[in-house]
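Some notes on the structure that comes next.
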Amino acid sequence: MHLGLSAVKTGPKEIQIGYSVSDGIYSLDFAVHTVDLSSVDDVPATIAFAVLEGIMAFSGRHLVKFVCAGVGSRLVDICPRLPSLLWSKLDVIPYIQPIREFDTQEEVDELADSMVRKAVMWIGPQEMPRLDIVVRNMVNVDGGGIHLCDLQDYEKSVGEPLWKAVSVLAKDLTDRKVKIRFFSATPQGGGVALMRHALIRFFRLLGVDCQWFVPKPNPAVFRITKNNHNILQGVADPHEHLSDEDKTKWSKWLEHNAERYWFRKGGPLAEGGADVVIIDDPQMIGLIPMIKKRTPHVPVIYRSHIEIRSDLTTISGSPQEGVWQFLWKHIKPADVFIAHPVSGFVPAEVDINRVGMMPATTDWLDGLNKPIALWDTQYYFRGFNNMCSADRMANIAFPSRGYICQVARFDPSKGIPDVLDAYAKLRQRLEKERVPTADTPQLLICGHGAIDDPDGTIIYDQTLKSIDGEGLHAYKADIVVMRLGPSDQMLNVLLSNCRIALQLSHREGFEVKVSEALHKNIPVVAYAAGGIPLQICHGQNGFLVTTGDTAKVAQYLHDLWLNVDGVYEKLQTHASCKVSDEVSTVGNAACWAYLAGKLSKGETIEPHGQWIYDMAREAAGVPVEKEEQVLPRQGLALQYN
Numbered sequence: 001m002h003l004g005l006s007a008v009k010t011g012p013k014e015i016q017i018g019y020s021v022s023d024g025i026y027s028l029d030f031a032v033h034t035v036d037l038s039s040v041d042d043v044p045a046t047i048a049f050a051v052l053e054g055i056m057a058f059s060g061r062h063l064v065k066f067v068c069a070g071v072g073s074r075l076v077d078i079c080p081r082l083p084s085l086l087w088s089k090l091d092v093i094p095y096i097q098p099i100r101e102f103d104t105q106e107e108v109d110e111l112a113d114s115m116v117r118k119a120v121m122w123i124g125p126q127e128m129p130r131l132d133i134v135v136r137n138m139v140n141v142d143g144g145g146i147h148l149c150d151l152q153d154y155e156k157s158v159g160e161p162l163w164k165a166v167s168v169l170a171k172d173l174t175d176r177k178v179k180i181r182f183f184s185a186t187p188q189g190g191g192v193a194l195m196r197h198a199l200i201r202f203f204r205l206l207g208v209d210c211q212w213f214v215p216k217p218n219p220a221v222f223r224i225t226k227n228n229h230n231i232l233q234g235v236a237d238p239h240e241h242l243s244d245e246d247k248t249k250w251s252k253w254l255e256h257n258a259e260r261y262w263f264r265k266g267g268p269l270a271e272g273g274a275d276v277v278i279i280d281d282p283q284m285i286g287l288i289p290m291i292k293k294r295t296p297h298v299p300v301i302y303r304s305h306i307e308i309r310s311d312l313t314t315i316s317g318s319p320q321e322g323v324w325q326f327l328w329k330h331i332k333p334a335d336v337f338i339a340h341p342v343s344g345f346v347p348a349e350v351d352i353n354r355v356g357m358m359p360a361t362t363d364w365l366d367g368l369n370k371p372i373a374l375w376d377t378q379y380y381f382r383g384f385n386n387m388c389s390a391d392r393m394a395n396i397a398f399p400s401r402g403y404i405c406q407v408a409r410f411d412p413s414k415g416i417p418d419v420l421d422a423y424a425k426l427r428q429r430l431e432k433e434r435v436p437t438a439d440t441p442q443l444l445i446c447g448h449g450a451i452d453d454p455d456g457t458i459i460y461d462q463t464l465k466s467i468d469g470e471g472l473h474a475y476k477a478d479i480v481v482m483r484l485g486p487s488d489q490m491l492n493v494l495l496s497n498c499r500i501a502l503q504l505s506h507r508e509g510f511e512v513k514v515s516e517a518l519h520k521n522i523p524v525v526a527y528a529a530g531g532i533p534l535q536i537c538h539g540q541n542g543f544l545v546t547t548g549d550t551a552k553v554a555q556y557l558h559d560l561w562l563n564v565d566g567v568y569e570k571l572q573t574h575a576s577c578k579v580s581d582e583v584s585t586v587g588n589a590a591c592w593a594y595l596a597g598k599l600s601k602g603e604t605i606e607p608h609g610q611w612i613y614d615m616a617r618e619a620a621g622v623p624v625e626k627e628e629q630v631l632p633r634q635g636l637a638l639q640y641n
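If you count by the UniProt record's numbering, then the sequence shown holds residues 1 to 641, one letter each, in order.
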């Protein structure tokens, strides 16, 4: 259901609040509540409480879940915190709608009805907000007037030192009106898009001029770039190469987008359009030499966020060498090379002076991570099980049975066959120990898709065939494999309520899903791949396992599931306290603000392999203290067994 909210002052100490309820097509109900403010000290808090109470009362009486609310700007003027409270407390997406001057003659119920009709226009399939791509293919983050969080929400989500640092760095950008422009392949699906939505949402609150652009999608090109991704990670067919024909098709596609959308007068890559450009995807590397040719004074940052098998890129004639040399030819002119904090991800050709380390990040306030109430949790579980039933998939029996979960894309590198093998070994051991089936875990494998990832359907189909095979068929009724739609809250609920999280990627960048699980106090069992070991303290908040050792994974799952020697309680207690602020949106913003601030002044940045987070904190005059929780700085020589 959808909701409209508006307010009208009917006296010096009285306000009327209008509510309108819609199913997306028809208005179904309305109400008008009068709030007496004669003996009230905190007017905004009183109004917020009245509105939230009214919504919860209606939901409880009629057993409905509100998805979005159109909120009149007049009500927001009176109660500025209301939109963020709707999001954080009731899981309602707030759309702030302006009240025009001639609307002031309308009754409060009419205004509320107008608000809900305007909000519904921004709701798409599966009751999700519509993605808004505007002129020049700019991603209009939170289009339609969405307002999820306030600055004070972000301030509470991190420590005081980081907040001081990001405030200093952002003020420098706003004072000088620095223009930051991001370019990546897709506006939705995958970690890059999630981080950019969150970053721009936060930067907007700070007043930083930051925009994000994407190309017109081309499925044939995305097949090429996905093959390159797999080749660089060493998970592609050994005979797969990047052909000259593929190079030409890829280059022409990017040139067409650049000329049509970005280099024209007034575009983000035209003269004066950007002070700093960030190329956020390997798909977009062709822009770097184009920018340096036309506007050589504009600094360019390249962010490398995938695992590059640097041991294979040095082998003459290897597929990895062919792909990397093509990429490097385009990346080389960039001023700074940002990599995940894993030394092996940076091939030898890259000048270490230009390399800075920066992890992937997540947003503690968005739909993937915010706390979700029991009422809404039940709503999302019902929705998930309805999707499962529609696909003739087993249902999750939570809360009557617990489950183990791996949240990841259906990708060749994500180790999904290992997840299935480890689960089968766990169930076989529990059977030998005569543990009743009702007391054994289910297995959930799920994740979002991405428009530039054509492997998703292939791996998903292979997984479904695997659970019908020998060794797994006996447990088929307890294995749930689902490709999810774009609902962040559904993914949040599924991860938040699992007993144990898995991350058995063979090849990985950073995989911030590990930190997301730990933030929810969920112990994690993971392979020591990519940046995963930086997030797990072995034996304290999870377990690290040598890649491919599914027997060891099953052993840890067994001990955690049965809480052998209290191990589950121990890990759960320490899970969230080991999560660093630097993997948050605020930490990410500090890094980008530092880089953009320095480069826009014409200064040279030579990180020499340092963490950008440390450099940003130092530059802001708030250096990282020893007692702060940060990711390990000693590399990946971490102990595990």
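Cβ atoms here follow ideal geometry from the backbone N, Cα and C, with glycine treated the same way.
- For residue 540, there is no enclosing alpha helix (DSSP H), as DSSP marks it with neither H nor E.
- Spatial neighbours of residue 425 in its own chain (CB-CB distance under 7 Å, excluding positions within 5 residues in sequence) are listed in chain order as 550, 551 and 554.
- The DSSP-derived three-state label of residue 343 is helix.
- In this structure residue 283 is buried. Its beta-carbon is surrounded by 16 or more other beta-carbon atoms within 10 angstroms.
- Beta bridge pairing from DSSP links residue 20 with 4 and 30.
- Judged by beta-carbon spacing, residue 492 lies beyond the 8 Å limit of residue 195, meaning their Cβ atoms are not closer than that value.
- In this structure residue 277 is buried. Its beta-carbon is surrounded by 16 or more other beta-carbon atoms within 10 angstroms.
- In this model, residue 353 and residue 607 are separated by some 6 Å (Cα to Cα).
- If only uninterrupted alpha helix (DSSP H) runs of at least 4 residues are considered, those enclosed by the UniProt domain "Glycosyl transferase family 1" (401–560) are 416–432, 455–466, 488–496 and 513–519.
- Judged by pairs of C-beta atoms under 8 Å, the stretch 397–414 touches the stretch 492–504, as three or more such pairs exist.
- In this structure, residue 15 and residue 35 form a Cβ contact; the two beta carbons are roughly 5 Å apart against a cut-off of 8 Å.
- Residue 43 and residue 625 have their C-alpha atoms some 41 Å from each other.
- Under the Cβ criterion (8 Å, minimum of three pairs), the stretch 589–599 does not count as touching the stretch 560–573.
- Spanning the alpha carbons of residue 179 and residue 540 requires a straight line of approximately 43 Å.
- Within a 10 Å sphere around the beta-carbon of residue 207 sit fewer than 16 other beta-carbons, which makes this residue exposed.
- Beyond the five residues adjoining it in sequence on each side, residue 335 comes within less than 6 Å, by CB distance, of 299 and 300 in the same chain, given in chain order.
- In this model, residue 87 and residue 144 are separated by some 15 Å (Cα to Cα).
- Between the stretch 224–234 and the stretch 292–311 there are three or more inter-stretch CB-CB distances shorter than 8 Å, so the stretches are counted as touching.
- One Cα belongs to residue 378, the other to residue 68, and the distance between them is close to 18 Å.
- Beta bridge pairing from DSSP links residue 611 with 357.
- Take residue 271, set aside five residues on each side of it, and the residues of its chain with a beta-carbon closer than 7 Å to its own are 295, in chain order.
- Taking a cut-off of 8 Å on C-beta distances, the stretch 66–80 touches the stretch 115–124, as three or more cross pairs fall below it.
- Residue 246: member of the alpha helix (DSSP H) spanning 244–257, first to last residue.
- Contact between residue 213 and residue 262 is confirmed by a C-beta separation of about 6 Å, below the 8 Å threshold.
- As a beta-bridge residue in DSSP terms, residue 14 pairs with 11 and 36.
- In the displayed model, residue 237 falls within coil according to three-state DSSP, outside both helix and strand.
- In this structure, residue 463 sits near residue 416, with a CB-CB distance shorter than 8 Å.
- Boundaries cannot be given for residue 316, as no alpha helix (DSSP H) includes it and DSSP labels it neither H nor E.
- In the three-state scheme derived from DSSP, where H, G and I count as helix and E and B as strand, residue 212 is classed as strand.
- DSSP assignment within the stretch 47–114 yields the following whole beta strand (DSSP E) runs of 3 residues or more, N-terminal first: 68–72 and 93–97.
- Three or more beta-carbon pairs separated by less than 8 Å are not found between the stretch 626–633 and the stretch 361–377, which leaves the two stretches without contact.
- Rounded to whole angstroms, the separation of the alpha carbons of residue 221 and residue 305 is 19 Å.
- For residue 128, the three-state secondary structure derived from DSSP is coil.
- Contact check between the stretch 439–446 and the stretch 480–494: three or more CB pairs, one atom from each, fall below 8 Å, which counts as touching.
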